[in-house]
Structures are given as structure tokens and as C-alpha cells.
Amino acid sequence: MSISLQGTIGRGEFERALNFSVADGEVLAITGLNGSGKSTIIHTIAGLVPLRNGQLQSDNITWDAPDSKQWVAPEDRTCAVVFQDLRLFPHMNVISNVAYGLRAHGVSKDEARSRSTALLARVGLLSFETRLPNELSGGERQRVALARALVIEPRVLLLDEPLSAVDVTSRAALRELLPEVLGSFVGATILVTHDLGDVEALANHSLSLN
Amino acid sequence: MGLPFTVSCEHYGVQTTVPEKRSIDNNLTRVDKVFHNLVTLGAFFSMVVLAAIGGFLLYRGFEIFKDFGFSFITSSKWDIGNPEDTSTAILGIGAMLFGSVITAIIAVVISVPFAVATALLIEFYVPGWIKTILVSILDLVAALPSVVFGIWGYAVLLPLVEDWSVTIEHYLGWIPIFNVPSEIFGRSPLLAGLLLGLMIVPIITSVAREVYSQAPRELIDAASALGGTRWGALRAVVLPFGRSGLVGGTMLGLGRALGETVAVYLTLNLVFEINFKILASAGGNVASLIATKFGEATAYELKALMAAGLVLFLVTLLVNFGATMIVNKSRKIV
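In order, the protein sequence lines correspond to chains A and B.
The first sequence begins at 0 in numbering that gives the first Met the number 0 and counts up one residue at a time.
The second sequence begins at 0 in numbering that gives the first Met the number 0 and counts up one residue at a time.
In C-alpha cells form, the structure reads like this:
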């Protein structure tokens, strides 16, 4: 088992009791309406929002358990996030954006660069290394965000609406790329989406918050 | 849309009427007009005062610029000659201008790292109640009169800087700016610069805090989610984001350091020669020159002091103008 969450997220009317686990190589799709708490799950697993109660574990290591006051800081969790709004660093070029996570994990500059270049080649952006995020299309930015998350080789990949911010053409291209990328990803993947087409195309299991 | 007509919604078998367009005007109300005129008047008054100061200094110092031309700024000699014959006077503020610049540079070099560290500490590391205390302390330091700084610098900092200067000269004397053959330390540009640095820390910290607080939190989160430590996230997001704002804040501090009078007057020996050896007990700046000479100046010397004031006024205005432009640019980026 790679990731399991048993507990409560959110407050008041947005409170959600959850109980799920995702094994290595599996893709769990979480669907639901706007405001149903889909993104909060992603942020909770990433450590950006604390769990209300219960327990979040990855590979039998407790990341968050408020009752026993256990907490692993976001930077120490072996997960990576592709945010809905991407959150690329606007002042860094593509290669620096992708290499950021590796550098943060102490990887040498040269190795970070070569690994980032390899991943950019995999997502079809090899010639875009020196461009800034604002010089890319929506689909290209999405690919950079994906490369940035995958390059650190996380155990858990968290994708928050990965196809929502792109045009129709880019969406079709990403729909082709994502199964290929996720198919070769060894860890667990949690995909948040409101599109049932994404669920069918990409996920093994689904969880509805409606 | 907006015209009074009826739309047939055949699909639903009903008819609906589009309401008549509202009349919207952007005329100011009476209260708004009064307020608008009041703030416009206030803004113009500030500019009028500024122009009046510049005009007054130019009027009173014009004769000096006419007599000495550009050499008034480049020459370092200050000799009033025969008070009855103004043609015997040799007046120049080169050394003082150089002193203003060198002490201000020392101040900025010392204060910027402290200010950045303090701003980051306050914005990102300490809990709210400590933040309130630290901000209050900074505001208090910013409000301290410069004479208090000057007396403290003379009484407390001077003996310390004398000791430090001996050590610096001993180990780093091979670097020209630290080489003081006379070994007379004390009221040196280093002491004045250090004191000015402490004085401008609150200004730079305040601007840096404002800019850093506007750094996008979601990018800091993104950096953390990719494995960045707190410091790593701040270095990747906040520092680049606040760079131009910090430059603006630094220039505001530089403006104050350039124009500081009493603190420099108390901690720097007034010597009319360009001194780039920052440990040597010699220097001065334009503002302290004016403060020192003003009381016993002859009529002609007074004009020279007015001209010196105008030069300082223009330099400070230029630095502040530059700072404002940079801070505004950083706000637009935000």
C-alpha cells in the first residue's frame, strides 16, 4: 500500500469523512462538484492543509495524525503535486522550474539538469528549456508542471484537475500523454477531476464526493 | 440588449421584457468633490513647498555656482580667504560629497542584510504576537531622533569601533581602504556609516516587509510541496519576488543616509580632503558641513552653504525619485 487516508478533512458544511487507500501503480480518481473538497484532499496529502482527525499514512509512515500529534512537513513527504493552477515559478525558465524539486532535495546542479532535460524530452518540451512560463501555451505549461512533479520520483503523485486549464487541442494531446506517463509511474496516483471522461481514460478506481 | 423591447422566448412558450437601461453617471457627489479638491490641494501644497525650498536654495546659492562653476562640486578646499574680498575665497564640497557617498554606502552595505533578515523573520518565522512586538520596536527605532543615535554612537559605539578598527587594520591593512598609516582611528567614516546603517535598518525593513508580504503564498506552498524547506521556498519565491522592492527600500534608506546631519556631525571628524580610508579619523558629509559652519559663516560663506544644501537637496531628491519608481515597478509586478 502506498497511501491511505482515514479521517476527516474540511470544516463545517465542507467537512468530509474519508477512507481510501491507493496501492502502487494504481490511479484513484476523486470526482465531485465544485466545493466538494476534492482539492482539499490533495492539499491535505501534500501537507499544505492539516487533517482534522484520523490518520494519513504512506508506506506505513504516518504523515499526519492530529490525535497522536504526528506530522511530517510538506518538504519531507515523498509526494509531488500538479496543482490546478499549476503554480510554475514565473521568474524561472522551464528547466529551472523542473529542476527546482531536485535541487531542493540536494541533487547536484549537473545531475538535476540532466534528469530534468530527460523528463522534458519525455513530455515533448525539450526545445523549451530556456523559455519562461509566460512564453508557453496552457498545454505546454501543464506539461512543465507534470515534468516538475515527476522528476523528483515521488512515491505518490497528486494531480489536481490536470486537464481543466487547457484548450481542446492541448487537452486531447494531454489525454494521450497522461496514460503513457501514469502507466510507467511506479507509485500511487490520486487524480482529482470533475470530468468522468478523465476517470474512464486514466483511473483504475474512483471515489465520488457528491 | 438594454433597449426597451420584448423578446420572444418561443422555446419555452413565454414572453419576457428586457428592463429599460438604467442611467449611470460617474459625476462626483458634493462630498466627493470637496474631498477630491482637498487632497489635490494637499498634494500640490507638498510640491509647492518642495519647489519653494529648491528655489530658495538656488536663489541664495546662485552666486556661488556663478563664481566657481562645476569646481564647487569637484574641489575639496574650503577657504573663505579675506572676508572683505570674496574673490580670495576657494570653496568646494568635493570632499564632503565624497564623505556623504562613502558613509551612505557603508550604511547600506551594513543595513541591507540585517533588514532582509529582519523582514523575513517578521513575515515568515515568528508567531503573530512576537511579530507585533518586533514591528513596534522597529517603529520606535525609526522614530528615534538622530541626535540620540549620534550621542549613543559617540558614547557607546566609538570605543568599540576604535578597537575593531585596530583589528581590521592589523589583518586587512593590505587592502587600501583599511590601510591607516597614522593609526588614528575613532571618528571615522566606518563609525558614521555603521551608525547610519543602524538608523536606516527600520526604513529598509519596513519596505522589504511590505513587498515580501505580497509574495504569492501559493507559490511558497508549491515550493514546499516539491521538497523545498522553508528557507528554500523563501529563497526560490520570496527573495526574487521582492528584489525590486528591496532595491527601492534600500534607495529610500540611502536617501536618509545621504542627508543625515547630527549623527554624522557627532561621529565623524570634519576634514576637507577626500578620504577613502574608511578607518581613518577624517571625513565629513555635506549636511554636517552645513551644520558645523552655519553658525559663524560670513555672508558669502552662507551662500556657499546654501549652494551645498541645493546639491544635497538634488542628490537626495534624485535618489528618492529613483526609489519611488523602483517600488512602484515592484508593486505593478505584484
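Cβ coordinates follow ideal geometry from the N, Cα and C atoms, glycine included.
Kindly list, in the order they appear in chain B, the residues whose Cβ is closer than 8 Å to that of A/HIS90. Position 91 of the first sequence holds residue 90 of chain A. Within chain B, the residues near A/HIS90 are PRO239 and PHE240.
Which whole-angstrom value is the C-beta distance of B/GLY282 and B/GLY98, which I expect to be below 8 Å? As a working note, residue 282 of chain B is residue 283 in the second sequence. As a working note, residue 98 of chain B is residue 99 in the second sequence. B/GLY282 to B/GLY98, Cβ: 4 Å. Contact.
For the structure I just gave you, are there three or more beta carbon pairs, one from the stretch 228–248 of chain B and one from the stretch 111–129 of chain B, closer than 8 Å? Contact holds: three or more Cβ-Cβ distances are below 8 Å.
Extent of the continuous beta strand (DSSP E) run through B/ARG208: Sequence index remark: in the second sequence, residue 208 of chain B carries index 209 (1-based). Counting along the chain, B/ARG208 falls outside any beta strand (DSSP E), though it belongs to the alpha helix (DSSP H) covering 188–212.
Limits of the beta strand (DSSP E) - the one that A/HIS204 falls within: Here residue 204 of chain A is taken as the residue at index 205 of the first sequence, counted from 1. Per DSSP, A/HIS204 belongs to the beta strand (DSSP E) from 204–207.
Reducing DSSP to helix, strand and coil, say where A/GLU12 ends up. Against the first sequence, residue 12 of chain A aligns to sequence position 13. Residue state, collapsed to three classes: helix.
Short CB-CB distance (under 7 Å) between B/ALA221 and chain A: Mapped onto the second sequence, residue 221 of chain B falls at position 222. Closer than 7 Å to some Cβ of chain A, the Cβ of B/ALA221 qualifies, so yes.
Throw me the rounded Cβ distance for the B/SER187 and B/SER287 pair, which I believe falls under 8 Å. Numbered from 1 along the second sequence, position 188 holds the residue referred to as residue 187 of chain B. Numbered from 1 along the second sequence, position 288 holds the residue referred to as residue 287 of chain B. B/SER187 to B/SER287, Cβ: 14 Å. No contact.
Does the beta carbon of A/PRO73 come closer than 7 Å to any beta carbon on chain B? As a first step, residue 73 of chain A is located in the first sequence; it is residue number 74 there, counting from the start. Taking Cβ atoms only, chain B reaches closer than 7 Å to A/PRO73, which makes this a yes.
C-beta atoms of A/ILE8 and A/THR39 nearer than 7 Å: Indexing the first sequence from 1 puts residue 8 of chain A at position 9. Indexing the first sequence from 1 puts residue 39 of chain A at position 40. Contact: yes.
Buried or exposed, going by whether 16 or more other CB atoms sit within 10 Å of the CB of B/PHE406? Absent from the structure is residue 406 of chain B, since the part of chain B shown begins at 0 and ends at 333.
Buried or exposed for B/LEU2, going by 16 or more other Cβ atoms inside 10 Å? What you label residue 2 of chain B is simply residue 3 of the second sequence in a count that begins at 1. The predicted model places B/LEU2 with a pLDDT of 46, which falls under 50 and marks its position as unreliable, so this point remains unresolved.
Compute the distance between the beta-carbons of A/ALA28 and A/LEU156, then report whether it is under 7 Å. Numbered from 1 along the first sequence, position 29 holds the residue referred to as residue 28 of chain A. Numbered from 1 along the first sequence, position 157 holds the residue referred to as residue 156 of chain A. Not a contact, by the Cβ cut-off of 7 Å.
Nearest candidate by alpha-carbon position, reference A/VAL71, set A/LEU17, A/THR30, A/ILE94 and A/THR61: The residue you call residue 71 of chain A lines up with position 72 of the first sequence. Out of A/LEU17, A/THR30, A/ILE94 and A/THR61, A/THR61 has the C-alpha closest to the C-alpha of A/VAL71.
Under 7 Å from the C-beta of B/ALA235: neighbouring residues of chain A: As a working mapping, residue 235 of chain B is identified with position 236 in the second sequence. Those within 7 Å of B/ALA235 in chain A are PHE88 and TYR99.
In chain order, what residues of the same chain have a beta carbon less than 6 Å from the beta carbon of B/GLU161, not counting five sequence neighbours either side? The sequence position of residue 161 of chain B within the second sequence is 162, counting from 1. Hits under 6 Å: PHE184 and GLY185.
Reference A/GLY24, options A/PHE184, A/GLY138, A/THR116 and A/VAL198, closest by Cα: For the purposes of this step, residue 24 of chain A is taken as the residue at position 25 of the first sequence. Comparing Cα positions, the closest option is A/PHE184.
Along chain B, in chain order, which residues have C-beta atoms closer than 7 Å to that of A/PHE82? Along the first sequence, read from residue 1 onward, the residue named residue 82 of chain A stands at position 83. What A/PHE82 touches in chain B, judged by beta-carbon distance under 7 Å, is ALA221, going in chain order.
Grab the span of the beta strand (DSSP E) containing B/ILE23 for me, first residue to last. Stepping through the second sequence from its first residue, residue 23 of chain B is reached at position 24. Counting along the chain, B/ILE23 falls outside any beta strand (DSSP E), and DSSP gives it neither H nor E.
Please report whether the beta-carbon of A/LEU195 lies at a distance below 7 Å from any beta-carbon of chain B. Translated into the one-based positions of the first sequence, residue 195 of chain A becomes position 196. It does not: the Cβ of A/LEU195 has no partner Cβ on chain B nearer than 7 Å.
What is the residue span of the beta strand (DSSP E) that A/ALA28 lies within? Taking the first residue of the first sequence as position 1, residue 28 of chain A is located at position 29. Where A/ALA28 is concerned, the enclosing beta strand (DSSP E) stretches over 26–30.
Applying the criterion that 16 or more other CB atoms from any shown protein chain within 10 Å of the CB defines a buried residue, is B/PHE320 buried or exposed? Working through the second sequence from its first residue, we reach residue 320 of chain B at position 321. Label assigned to B/PHE320: exposed.
With a threshold of 16 other CB atoms inside 10 Å of the CB of B/MET0, please say whether the residue is buried or exposed. Here residue 0 of chain B corresponds to residue number 1 of the second sequence, with the count starting at 1. For B/MET0, the predicted structure reports a pLDDT of 42, less than 50, and the residue's modelled location is therefore unreliable. A value from the coordinates is still provided. Per the 10 Å Cβ criterion, exposed.
I need the DSSP call for B/THR291, collapsed to helix, strand or coil. Here the question's residue 291 of chain B lines up with position 292 in the second sequence. In the three-state reduction of the DSSP assignment, B/THR291 falls in the helix class.
Alpha carbon of A/HIS204 to alpha carbon of A/VAL26, nearest angstrom: Counting from 1 along the first sequence, the entry for residue 204 of chain A is found at position 205. Counting from 1 along the first sequence, the entry for residue 26 of chain A is found at position 27. Near 7 Å, if we compare the C-alpha coordinates of A/VAL26 and A/HIS204.
Under 7 Å, CB to CB, which of the residues in the stretch 175–209 of chain A have a partner in chain B? If the cut-off is 7 Å between Cβ atoms, the stretch 175–209 of chain A has nothing near chain B.
Rounded straight-line distance, which links the Cα of A/ASP84 to that of B/ALA154: For the purposes of this step, residue 154 of chain B is taken as residue 155 along the second sequence, with counting starting at 1. For the purposes of this step, residue 84 of chain A is taken as residue 85 along the first sequence, with counting starting at 1. Roughly 57 Å between the two C-alpha positions.
Please state whether the Cβ-Cβ distance between A/ILE151 and A/GLY100 is less than 7 Å. The count along the first sequence starts at 1 and reaches residue 151 of chain A at position 152. The count along the first sequence starts at 1 and reaches residue 100 of chain A at position 101. Yes, the Cβ-Cβ distance between A/ILE151 and A/GLY100 is below 7 Å.
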